[in-house]
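Everything below concerns the one structure shown next.
In UniProt numbering, the protein residues as written are 1 to 92.
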């Protein structure tokens, strides 16, 4: 499980880029759906297709950002655990 988390979180800038692209696609899909509601109904279909793609791209980017943060927490916990273990052994 750790290997997957570390692999997903290994490129935080790329994950942020994916998230922002997904957010931009989401905004585009909202505009198309709103235009389809006001003007032509056929504009809603491309909006819904782009919405599905946008949610996938943004979700993948967010998962990478979360994995990066979580891997930092795991690393800090491991180093604190090792430090505490060493300090306990020094007391003996």
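Backbone N, C-alpha and C fix where the C-beta goes; we use that ideal spot for every residue, glycine too.
Cα-Cα separation, residue 90 to residue 67: 34 angstroms
Spatial distance of residue 79 from residue 55 (CA atoms): 36 angstroms
Counted within 10 angstroms of its Cβ, other Cβ atoms place residue 59 as buried (16 or more) or exposed: exposed
For residue 40 and residue 7, the rounded distance between their alpha carbons: 44 angstroms
Minimum C-alpha distance to residue 32 - residue among 13, 43, 17: 43
Within 8 angstroms, strictly: CB atoms of residue 4 and residue 70: Between residue 4 and residue 70, the gap from beta carbon to beta carbon reaches 8 angstroms or more.
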